[in-house]
Structure formats: structure tokens, C-alpha cells
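Engineer:
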Amino acid sequence: MTFHKVRFLPAVLVLASLPMLGQQTPSANPKGSGDANDAPVASQPAESSKTGTQAAAPKKTDRAAAYYHYGLAHMYEEMVAMYGRAEYANKAIEEYRLAIENDPSSEYLNAGLAELYAKTGRIRDAVLEAQEIIKRDPNNLEARKLLGRIYLRSLGDMQSGSQSQEVLKLAVEQYEAIVKIEPENIDNHLRLGQLYILNKDLLKAENEFKAAVKIDPHSEEAVTNLAYLYNEEGDNKRAAETLSAVPEGARTGKIFAALGYTYEQQKDYKKAITAYRQAIEQDKDNLDAMRGLAQNLANDGQIDAALAEYNAIQEADPQDAQAALRIAEIYRRQGKFDLAMSNLKKAESLVQDSLEIPYNEALILEAQGKYDEAADLLQKLLARTTHPDNKYSAGERNNRALFLERLGNIYREESRPLLAMETFRKVVDLGGDEAARGYQEIIDSYRDQKQWAEATKTAQEAVAKLPNDKGLKLVLAAQLADNGKADEALKVAKGLIKGSAEDRETYVGLSQINARLKRWKEAEDALNEAEKLSARPEEKEYILFLKGSLFERQKKYEQAEQAFRQVLQQDPNNTMTLNYLGYMLADRNVHLEEALALIKKALQFDPQNGAYLDSLGWAYFKLGNFDQAEENLRKAADKTPNDATVQDHLGELYAKTARWKMAATHWERALNEWNKSAPGDVDQQDVSRVQKKLETTKVKLAQQKQE
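Residue numbering for the sequence shown follows my numbering, starting at 451 and increasing by one per position.
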């Protein structure tokens, strides 16, 4: 926090004005001395100061001598500012003391000395001097402002702890008094509001910011501070209303940028983009607004535009590590891993001790299938962020949860389920919101292994430990449905409906439970309810995807295709939809070239995805390209060895190429996996078809053996 600057008079001008000043009243202040002009004057001589600035014995007031020494003090202050030499500071202090000896009742002189102490680093003396002034004159504004500034600067220099909390309390006390003395000063309300935020007294902070807005409804600082508070409280609607209340013609770049941030919090990315562009129009060099624009272009799926904006930021500021990092993320999501890695290395050269850069490097290595290298990086990140006492802040917990989740999922990719679950259990042990994520990962790992009882047991444990987590209750309901307890599952899910906008997640879960129970109408009805509660574009897009999946499972292929194509119109890079539509077309033996292109595009973004590799292999099979089919189906089987569909596809391939023994082996595996699967994951028509083909194949093998 910078100190309030006092304007220094040239020494000649100060000294030349002394005769005139000597004729003024004792309360008069020299012209040009800045804020000190407003300082109240004590009505009686001051008591002795703890810093020894008052004379030991009463002395007759000599204002001419006082102003003479004040002029010299001012001259030395100027010399301190010009040359930075300590002896001039000492001389200035001495002259102030002599001035005060000759006019002990001048609070202006005492305040000036306190200000000088602060500027020359004698903070303790400054505090004691200001406190003495306030004892004599509680309404002395300059002394209180000086103390407030000192406490603010001390807060900035301190680590969190009991001492900083005590200093925060002192700062609040001063600014509360300052606001009472000077209630129409907008800066006082803003400063006090910011202190209340630090003190987590948000209602008082809101009142101060409102008072500032009332003084000047178009004040950039007042409006943006109030909007910031609402955003921090999660009330994005009120934040947007506060900012929008400023007429568009009166909005500054900072207000438009704050609007952009607020719309981003609401996930209304198109409005955020517009607001950030308006901010940039007002200030073309506003890099923060450019960063906000780039981020929201990326959020909105406008990847090429986002990339162009980040490149512009890099050009304007080559030292911007975040721009290089964001560019790397875009290239990674586009499957351009070499470009992604080169930009990460650039970011790494610009910033030290980053956690985000090696984490993103691990994501690239994982996407390239370099699991050991990715795991090694994540383990190093975990070692760097480990606290011996296992006590972590909310941000630290979130980081460790991210690292552990990614590491656990790499172990899942490597078919090391026990190590994966051990890693996810560490996420649970972090507690807080992270515990729910850990439980979900453990449950998914058990489901991968088709260990349904263990998955259900873990879901029950999770709900018992975190009874207010709706997501975990829906997971438990799904497990109960898979275990044949349909009525109990639906009762749990329906019990979460509260008649509010938050029911969207519940209706989505309820639809999926009904779909697994093959209660198609109920599943569609629940999705329709979820659709009504979907406000953001990505929410509506996800409902469309789920509808497409639901139609496909009912073999309503035209309706499914229509829903999937609608999703791709909104988001051409939606990998789940690219793969699902491509597979559905290939499986029906229609539009095979398009199907192949769709699946290849999905794999460009997620090249290690076992389901996508299976889709690619199946599309090649349908096209008669058996070598490519085998290569990709084998890769899929390595990634997802427990997937019955992949085993069935391999059986079909080997039968088509007259490798009957291998066909039989894979069809037997497919039947075995289906036998272990939850009922909702099995299509009995597929089971019957494979059983017949296996029997026929065994007959052929027996005949070959006899021959």
C-alpha cells in the first residue's frame, strides 16, 4: 500500500512566505501542503508525546519561530526526496521538533512529523506520534489516515496468523472512525469495505460498497467492488445487475471487463465474449481483458478464435507464461501434442516453481500413451506438495486431489486396479469436497472390474460419510438398480427432488436409472424435466446427447441420429457424440466413410480412448479393411479387456478371416464378460447371437479336427 503523497514546496517559496504566515491564526496551514490543509487543530496545547517531540517544560508559543523551523523541515524533506540521504531526514525531524516546541498546540505540525516518520521508515515512531494526536483529538483525520495506511501496509507485508488478524482489527477500527469523520469520501467506504472482506464480514462490506455507489452511482471502483463481492458470494445475478445499472455510455473498460467475468461465472460465455470485446474497444492495451476474451472463446468452443487471441497476447507480452500455457492446452485438446509440448516448455522457461505446467505436461504424456513418464511427473508433484502434518488449505487439497485423480486414472489405463483404488482412497482421505470425488473414482474402478458388491458397499459408505452429497446418493441409487433393487433405487432418487432448479442433476440421474432398468418412457420423461431446467448451452447440449443415447438403445435410430447431429451443430468437437454417431452408423452399415471420419476426429482429441479405438476398428471391419480393423480392435482390447463388445468384434473379425479358433476364444470371452455384467449393460439379443455363432464355430472346429 503506497503512502498518501505530500506535495513539497520549494524551500525558497516556503521561507519567503513566513512573514505572511506569521500573521495568520494558529490553526492556519501553509498553502500547498496537501491533505494537511484539512487537519483539525487542537484547542489546547498537546501533552508530552511518547516520542519526545514535546518540550519537557511549558514554553510560550512563538508562531514565527514555529513556522521558521517548519520551513526548514520542509526544505530537508525535499532534500530527502531528491537525494535519499539519512542525515537530511534526521535534520527534518529535528526541525519539526523545534517547530512543535514553539507551537505545541499545532496538530498540523505533529501530524507532519508523524507523516515524516512513516516516510523515512520509522514506523513505530510514526504510530506512537499519530496515536498521541488521536488521544488529544479523536477526530484528527490526517492522523487516523496515517495510522490506517501504516496498518494496511503492515497487512501486506505479513503472513496470515494471529498477528495479522490483530493488525487487520486495528486497520478496521481506524477506517470505521475515518468514515464517520468523512462520510462523503468514496475512497474511505471502499477501503473499509475491502478490509471487511479480509475480515470475512461480508454484510458490512456490502453496506460500505453500497454507500460508495450511492455517493457516485457511476464510480468504476465502487460498482466493480460491489459486483466482485456478489460474485464471491456466488450471487452472479446481483453482480450482473449492479454492473448493468451503469448506463452503457458511462461504462469504463474495467466495468465491461467485470461484466465479462460475471457472465463467465454464469457460464454465459457468449455474453462474456461481448463484454470483454467492449472492454478491449475502450482500452486496446488491456491484456487482462484480452485474456478474459481468449478464455471465454475457448469456453464457448471457438478454439481457433481463442488460439488467435492467445497468440496476440503473446505478441503483446512475450513474457506471459499463462498465454503459452493456454496455447499448449488448446493444442493438447486438438491432439497436436508436439505443439502443445513446445508451448509448455516455453511457459516453463518463463515461470519458476509452477505446478500447472508439469501437470499439463503429464496430461500430454498420458494422451500419448506414455503412462510411466506421466505417472512419474504426477508423483513428483505430489511429493512437492506434501505437508508432513497432512494439513492443507482448500486450494492445496484441490491440487492434490487433481494430481491423485490423474495418477489413479493412469493406473486404471494400465489395468492396475488395486493401485488405482489405493490412490483414489488418498483423495477420500483429503476430506472436504474432494472426498466425494475420491469415492466416485473408487466406485467407477470397482465397476470397471465388475465387482458390483464392492461398488455398492463403497457407495453406501460414501453416503454414510457424506449424507448431504446428492451426487453420491444418485450413485448409490444406480448401484441399487444394477443389483436388482429397482424400487429402492427409484425411491432414493425421487427423494432428492425438491422442486427447484437444482433438480436438473436429479432428473438426469433418474433418467439414467430408468434407462438401465429399460423403463424407456420414464427415462424420457425424466430427461424432459431435466431439459426444462437446463439454462446454459452446454446443459442443453448434454440433454440432447442423452436423448440420442436413449433413442439408440431403443433402436430408434433416426431419432438418435437427429439428436446427435444437433449436438454436433452446436459443438463440432464433442468427442462423445462424434464417437457415438460414428459407431451407430458403422454398426448399421450406413454412411461408412462418414462414420470413419467422425470416429477419427474423436480419436484426434482422445487417442488413448479404448471405446473410440473399438469404434474405429469396427468401422474398418465394416469397410472390409481387416488389417486396420484388427490393429485397432487389439488396441481397444488392451485398453478395455473387460469389454464384452470389443471381444465380440474381435470374434467377428477372426470369423470373417477364417481364424475360427481365435473367433471362438473371443466369443467365449464376450459371453463370460456379459455374464458378469450388470443387466442394464447387456442386450440379450447380442448374447443370443454370439451364443449361436460360438456353437456354429465349435462345430466347424470339431469338423476340422476330424478331418
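Beta carbons are placed, not taken as given, at the ideal position from N, Cα and C, and that holds for glycine.
The alpha helix (DSSP H) that contains Val801, what's its start and end?
Structural biologist: No alpha helix (DSSP H) contains Val801, which DSSP labels as neither H nor E.
Engineer: Express the C-alpha separation of Pro1129 and Asp826 in angstroms, rounding to a whole number.
Structural biologist: So the alpha carbons of these two residues sit roughly 39 Å apart.
Engineer: Drop a sphere of 10 angstroms on the beta-carbon of Leu868, count the other beta-carbons inside from all chains shown, and report buried for 16 or more, exposed for fewer.
Structural biologist: Label assigned to Leu868: exposed.
Engineer: Nearest CA to the CA of Asn681: which residue from Gly945, Gly699, Ser694, Ala708?
Structural biologist: That would be Ala708, whose Cα lies nearest to the Cα of Asn681.
Engineer: Measuring alpha carbon to alpha carbon, tell me which of Ala1061, Ala1069, Gln1134 ends up nearest Glu1044.
Structural biologist: Of Ala1061, Ala1069, Gln1134, the residue nearest in Cα terms is Ala1069.
Engineer: Rank Glu691, Glu863, Arg1015, Leu642 by C-alpha distance to the C-alpha of Ser999 and give the top, closest one.
Structural biologist: Looking at the Cα atoms, Arg1015 is the closest of the given residues.
Engineer: Please state the DSSP three-state secondary structure of Thr1090.
Structural biologist: Of the three classes helix, strand and coil, the one that applies to Thr1090 here is coil, per DSSP.
Engineer: Buried or exposed: where does Pro918 fall if 16 or more other Cβ atoms within 10 Å of its Cβ makes it buried?
Structural biologist: For the record, residue 918 in the displayed sequence is Asn; it is not Pro. Exposed, by the Cβ-count rule.
Engineer: With 16 as the cutoff for other CB atoms within 10 Å, does Ala690 come out buried or exposed?
Structural biologist: Its Cβ being crowded by 16 or more others within 10 Å, Ala690 is buried.
Engineer: At what residue ranges does the stretch 948 to 984 contain a whole run of the alpha helix (DSSP H), taking only runs of 4 or more?
Structural biologist: Correct list: 953 to 966, 970 to 982.
Engineer: Does the distance from the CB of Ala762 to the CB of Asn746 come in under 8 Å?
Structural biologist: Cβ atoms of Ala762 and Asn746: not closer than 8 Å.
Engineer: Give the single residue among Glu731, Gly699, Asn736, Leu743 whose Cα lies nearest to the Cα of Thr712.
Structural biologist: Residue Leu743 is the option with its Cα nearest to Thr712.
Engineer: Determine whether the beta carbon atoms of Glu989 and Val1017 lie at a separation below 8 Å.
Structural biologist: No, the pair does not count as a contact, with Cβ atoms beyond the cut-off.
Engineer: Alpha carbon to alpha carbon, how far is Tyr809 from Ala844? Give it in angstroms, no decimals.
Structural biologist: Between Ala844 and Tyr809, the C-alpha separation is close to 18 Å.
Engineer: Under 8 Å, do Leu757 and Ile777 count as touching if we go by C-beta distance?
Structural biologist: In this structure, Ile777 lies closer than 8 Å to Leu757 by Cβ.
Engineer: In its own chain, which residues sit with a C-beta less than 8 Å from the C-beta of Arg887, not counting the 5 before and 5 after it?
Structural biologist: Within the same chain, Arg887 has close Cβ partners Ala851, Glu855, Val877.
Engineer: Comparing C-alpha positions only, which one of Tyr601, Asn635, Val1149, Glu683 sits nearest to Lys619?
Structural biologist: When each option's Cα is compared against that of Lys619, the closest is Tyr601.
Engineer: If you drop the 5 nearest sequence neighbours on each side, which residues of the same chain put their C-beta closer than 7 Å to that of Gln715?
Structural biologist: Cβ within range, chain order: Asn681, Asn686.
Engineer: Only counting the same chain, and skipping five residues up and downstream in sequence, which positions put a Cβ closer than 7 Å to that of Leu789?
Structural biologist: These residues qualify, in order along the chain: Tyr781.
Engineer: With a threshold of 7 Å on Cβ separation, who are the neighbours of Tyr861 within its own chain once the five nearest residues in sequence on each side are excluded?
Structural biologist: Here the set comprises Leu869, Ala870, Thr873.
Engineer: Give the secondary structure of Ser1163 by DSSP, where H, G and I count as helix, E and B as strand, and everything else as coil.
Structural biologist: An answer regarding residue 1163 cannot be provided, because it is not within the stretch 451 to 1157 covered by the chain.
Engineer: Give the single residue among Glu670, Glu979, Glu846 whose Cα lies nearest to the Cα of Asp883.
Structural biologist: Selected option, being the one with the closest Cα: Glu846.
Engineer: Using a Cβ-Cβ cut-off of 7 Å (strictly less than) and excluding sequence neighbours within five positions of Ala771, which residues of its own chain qualify?
Structural biologist: Around Ala771: Ala797, Leu800, Val801.
Engineer: Leaving out the 5 sequence neighbours to the left and right, which residues in its chain are closer than 8 Å to Asp1098 when beta-carbon positions are compared?
Structural biologist: Cβ neighbours of Asp1098 beyond the five flanking positions: His1116, Trp1117, Ala1120, Asp1136, Val1140.
Engineer: Do Phe706 and Ala677 come within 8 Å of each other at the CB atom, strictly closer than that value?
Structural biologist: Going by C-beta atoms, Ala677 is not nearer than 8 Å to Phe706.
Engineer: Could you tell me the boundaries of the alpha helix (DSSP H) in which Arg535 lies?
Structural biologist: Careful: Arg535 lies outside any alpha helix (DSSP H) and carries neither H nor E.
Engineer: Give the straight-line distance between the Cα atoms of Glu623 and Ile665, rounded to the nearest whole angstrom.
Structural biologist: When rounded, the distance between both Cα atoms is 22 Å.
Engineer: Between Thr674 and the rest of its own chain, which residues show a CB-CB distance below 8 Å, the 5 nearest in sequence each way excluded?
Structural biologist: Only Leu693, Lys704, Ile705, Ala708 meet the Cβ criterion.
Engineer: Report the option in Asp822, Glu779, Gly858 whose CA atom is closest to the CA atom of Lys806.
Structural biologist: The question names Lys, but residue 806 is Glu in the sequence shown. Among Asp822, Glu779, Gly858, the Cα nearest to that of Glu806 belongs to Glu779.
Engineer: Ile573 to Arg599, Cα distance in whole Å?
Structural biologist: Going by the C-alpha atoms only, they are around 11 Å apart.
Engineer: Within 10 angstroms of the Cβ of Arg986, are there 16 or more other Cβ atoms? Answer buried if so, exposed if not.
Structural biologist: Exposed, by the Cβ-count rule.
Engineer: Taking the straight line between their C-alpha atoms, what separation do you get for Leu794 and Tyr760?
Structural biologist: Spanning the two alpha carbons is a distance of roughly 14 Å.
Engineer: What residue from Ala766, Gly521, Ser895, Thr835 has the CA that sits closest to Asn736's CA?
Structural biologist: The candidate whose alpha carbon is nearest that of Asn736 is Ala766.
Engineer: Mapping the DSSP letters down to three states, classify Asp512 as helix, strand or coil.
Structural biologist: Three-state result, Asp512: coil.
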